[in-house]
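Below is one structure, written out as structure tokens; the observations come after it.
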Amino acid sequence: MPASISGFGLDYEQPIGLKTASRLLGEKPLPRMGYEIEVVTKSDSQESLRLGNFSGSLVLFSLQPKSEWMRLYSIDPSKP
435 MPASISGFGL DYEQPIGLKT ASRLLGEKPL PRMGYEIEVV TKSDSQESLR
485 LGNFSGSLVL FSLQPKSEWM RLYSIDPSKP
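Heads up, the sequence shown stops at 514 in our numbering, and the numbers go up one at a time, no gaps.
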């Protein structure tokens, strides 16, 4: 079984490639190694989807499980 990259757990993260990360961020720069950046924040709640650079691996992660990402952030984790 693969290990969690972000430490949040496999149900709360999705590894993505450089092209996908750049598309999601638009004009924002990619996070440096060891940093993260918000991708989507819900204005009516504390929920956010973040992109982290974990030792060169780009990972989308949230405190909400991936099964909720489409409803909360309009992002399908199976097709990031």
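Even glycine gets a Cβ: it sits at the ideal position worked out from N, Cα and C.
Return the chain-ordered list of same chain residues with a C-beta closer than 7 Å to the C-beta of residue 442, the five sequence neighbours on each side being excluded. Result list for residue 442: 495, in chain order.
For residue 445, I'd like the list of residues in its chain whose CB is within less than 8 Å of its CB, leaving aside the five on either flank, ordered along the chain. The beta carbon of residue 445 is closer than 8 Å to those of 499, 500, 501 in its chain, skipping five residues each way along the sequence.
Residue 486 beta carbon less than 8 Å from that of residue 440: Contact flag set, yes.
Residue interval of the beta strand (DSSP E) (run including residue 484): DSSP places residue 484 in the uninterrupted beta strand (DSSP E) bounded by 482–488.
Report yes if the C-beta distance between residue 464 and residue 477 is below 8 Å; otherwise report no. Taking C-beta atoms as the reference points, residue 464 and residue 477 fail to come closer than 8 Å.
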